[in-house]
Structures are given as structure tokens and as C-alpha cells.
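In our numbering, the protein residues as written are 148 to 647.
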């Protein structure tokens, strides 16, 4: 550090502050030069690098450099004015989380991102005309965007204000655009092109008329009062969510969605109008669906239709790359794909759907297939191949006829009305659980179980019919009699422990 001390002026004239040059200008090195909300020294007119005076309880910026070749950050102070800030900032300018009510006095030239988020601004008058990076005015008290930059080369964030109009915004945004959590009833004035993600979630929109014509990444219109999706772009480059609206139909929704698609927590009674193909997951939970007709033919991730009034899976996707979920466990919190604003729903009833048949289910599911806690009496219609776990627990099954031919993970058929295991899958890649049934025999068990075999709480009097190979523990306590390992058939090999 080099200090260059100027002689004090004559008595009665303004005091000349000591000039201080530092190797690095950050909150740690600058803290010693702050007293009573202002700098007690002045700094060189031009510095090379960043000038970070954030979190120093500053009330004034007098003494700051005139030119900063890097970033300028005066966030988390008590500033009510930007008077005294640098005239030129060659990279980012941040004045977040102060008490600013005006942008008067801001730098004439800013070369990177600009953020004035978290203040008390009611107007953007005085804002830079051109922002060569991202722009954020989120978390203020703005009712209008008049005075906002004419050109924003990257993202534009005006969420969490009191906006009632988007008039005045640039027609093209180079990155993401978010106007979420405002009081918007219309998207008139919206950018025509958004080269990143678009979010208008948490407003009072009843229509998407005026929304961008091109959105290259995700589109989020959750938590509005939408009754129609007419006006939305035909193709979405990322994920799409319209959850938490008043939609009764998906007519007008994008035909191509390359990411996740979620329409949960609406009033849908049909999936007609849904995209033919979804690149990611598809969530249609918490609706009034009685049929899956109209669902995408192919889903690249999870398919979740829990908490509807389905009695059949007719209309299900032909291909589901990951999990297929058509249940909801009693008393369990669950985070649904695309749930609005992190809200987790609590379901108190026993069933989410009332499936009596699996007819119409996909032939192949790459992940888990869960149909627990429905009214199934048969597994006819199950997928032929399940790459992950297969769970049909908590139904009214009397037979395993129709079970998948191949299960890569666990097979759980517990808590049903099974008296026999005949027609079970021959090989299970994980655990096999047939507990809490009415089994009197293990005849028909899978021939090979790579994981644990669990048959507790049944009416077994014999272990005849046990798998030939069990890769984990064999657990059979709480039956009609207590078993020992000697009760196992001679051809049964248990690689884990025998627990009785």
C-alpha cells in the first residue's frame, strides 16, 4: 500500500482527504477507511481491477475512483443515492440491497452486468441505455419499466416488483427473461425473442397473448389464472410448466418440448393437446384426469400421473425412459416434477387413483414402475420390461399373473391378498418382497433373486418353492411356524443371512 498525503487546506476551506492506493480494493482492505457511513480517504481516479466496497455500511460513495477497469460493487450498504460512484465501469456494476429510490448519478458507461436488485426503486429513469451483460432490477417497487435499458445483451430480470405492464422493455433479450411474481394481467410489451428461458410465473395472467414468439430455453407460466394456452410458441427449447393454473385443457400448448413438461395442479380432465413427444419428464399430477388419452407417445424422463381419478392406464405413453408413477402414498410429502414455487403437497387420503387395471401401460419402462395403493386385482397389462423397481404393493391382488417378464430392480408385491406366487417374474435384479399377504406356500417364487428375499407376516408352514438363488438375506419370521435354515429346499442357495 502507498499513501500519498496532501497538505490540509487553510482553515475554513474544505478538508482535503488523504489519497490511498492499494494493491487490492475489496471489503476487507477498504473497511479500515470507512467511518460514519463514508470513506475517510480518497482513492486514485482510475484503478485497474475490481472495486468492491460491499457490506461496509456506507451511506455515501464520495471518494470512489472515477474509472474502474473491472467490476464495481457497492451492494449491501445503506446508500440512498449513487452520487459519487465511478463515471466509467468497464465491467459489472452492482448496487444491490441498499435503500436507493433513484438511479440518478449512476455511471455513464457500464461494460458488463448491471444489477440494482433489492432496493426501493419506483422508477428506472437514469438507467444505462445499453447493458452489455445481464440486467436485474428484481425486488424493488417498480410499477413500470419505463426508462429501462434499450439494449440488454444477456439476461433481463424484473421479477418480484409491482409491475402491471411490460411496456418499455427491449424487443430482444440475449439471455433469460423473468417477470415472475408481479401484478401482470397481460404480456403486452413482452420481448419478441428470448434467447434463454422465459418466466412469467406468479402473476395474474388469464391469457398468454403477447408472449414471446421465440423462446430458446425453458418457458414457465406457473401460478397464474390461465384458462387457455393459446398464444404460446409452438416449440420450447427447454422445459415447459403451466402448473397451478385454471386450465381444463392443454389445447394450444407447444407441440415440441425438449425438456420437462408439467401441468400439475390444474383442473384438467383430459390430456388432449399435449405434445406428442417430451424430451424430459412429464407431470400431470393433482388434476381431475379420468383417462390418459392424449398423453405423449414418448417421454424421455419420468411420467407421473399421481393424484387423479384414473381407473385405467389406457392412453399411457408407449415409451417411458425413466420412472412411471401412478400412485401417491398416504401421509407422505412428495415433490412433484415442476411443483410450483417449491410448494409440497400433502395428501391425506389412501389412494391417488383408483386403478382396477394396468391395461394400456407402457410395454417398457426404463426406470421404476409404481402402482401401489390402488384397487388392482390383477397385474395383466403390466410393462413387459421394467429397468428399475416394480412395486404393486397395497392392492387387492390374488395372483401375480401378468407380472413383468424382466425386472432390473426390486419387486414389491407386499400388503395384498396373495395366497400363491405363481406366475411371478422368474428373475428379479434386486429384492423380492411378498410380506403381509396370505401365502401358505412359496411355490411360484422367482427362480433367482439378486437381492434379499422377504416373506414375513404370512401363513407359511413350509419353505418349499423358495428361489434357487438368493443373493442377499432370506427373511421369513412372523409366519405360522418358526423356520430354520434346514427348512430351505436342498437346491436353494442363500448368499446372505437366514433370518427367522
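Every residue gets a Cβ at the ideal spot worked out from N, C-alpha and C, and that includes glycine.
As a beta-bridge residue in DSSP terms, residue 185 pairs with 182.
Leaving aside the five residues that flank residue 319 on each side, the residues in its chain whose CB is nearer than 7 Å to its CB run, in chain order, 338, 339 and 340. Between the alpha carbons of residue 352 and residue 323 lies a distance of about 20 Å. Ranking 599, 381 and 511 by CA distance to the CA of residue 614 puts 599 first. Pairing residue 347 with residue 325 gives a Cβ-Cβ distance under 9 Å. In the DSSP assignment, the residues bridged to residue 430 are 409 and 451.
DSSP places residue 166 inside the beta strand (DSSP E), whose first and last residues are 166–168. Closest in alpha carbon position to residue 473, among 433, 275 and 638, is 433. Non-local C-beta neighbours of residue 542 in its own chain, meaning closer than 6 Å and more than five positions away in sequence, comprise 521, 523 and 563, ordered along the chain. At a cut-off of 3 residues, not a single continuous stretch assigned as beta strand (DSSP E) sits fully inside the stretch 240–281. Looking from the CA of residue 254, the closest CA among 321, 240 and 244 belongs to 240.
In the displayed model, residue 570 falls within coil according to three-state DSSP, outside both helix and strand. Cα atoms of residue 636 and residue 609: separation of roughly 10 Å, rounded to the nearest angstrom.
Distance from the CA of residue 389 to the CA of residue 413, rounded to the nearest whole angstrom, comes to 8 Å.
The three-state reading of DSSP puts residue 634 in helix, counting H, G and I together.
Burial is judged here by how many other beta carbons sit within 10 angstroms of a residue's own beta carbon; residue 605 has at least 16 and is buried.
Around the Cβ of residue 258, a 10 Å sphere holds 16 or more other Cβ atoms; the residue is buried. A straight-line Cα-Cα distance of about 23 Å links residue 391 and residue 361. Taking 9 Å as the cut-off, the Cβ atoms of residue 612 and residue 642 do not count as close.
Its chain contains 264, 265 and 307 as the residues whose beta carbon lies nearer than 6 Å to that of residue 286, once the 5 sequence neighbours on both sides are disregarded; these appear in chain order. According to DSSP, residue 220 shares a beta bridge with 199 and 241. Taken through DSSP and simplified to helix, strand or coil, residue 622 comes out as strand. Nearest neighbour of residue 317 by Cα position, chosen from 359, 403, 597 and 189, turns out to be 359.
Residue 229 sits in coil when the DSSP states are folded into three classes, being neither helix nor strand.
Relative to the Cα of residue 449, the nearest Cα in the group 647, 164, 230 and 430 belongs to 430. When 506, 232 and 336 are compared, the shortest CA-CA separation from residue 438 is found for 506.
Residue 325 sits in a strand when the DSSP states are folded into three classes. For residue 546, no alpha helix (DSSP H) encloses it, and the DSSP letter there is neither H nor E. Judged by DSSP in its simplified three-state form, residue 174 adopts helix. For residue 579, the secondary structure class from DSSP, reduced to helix, strand or coil, is strand. Contact between residue 561 and residue 540 holds, since their C-beta atoms are separated by about 5 Å, short of 8 Å. Residue 425 is bridged by DSSP to 404 and 446. The bridge partners DSSP lists for residue 361 are 340. Residue 423 counts as exposed, since fewer than 16 other beta carbons sit within 10 angstroms of its beta carbon. A straight line joining the alpha-carbon of residue 206 with that of residue 182 spans about 10 Å.
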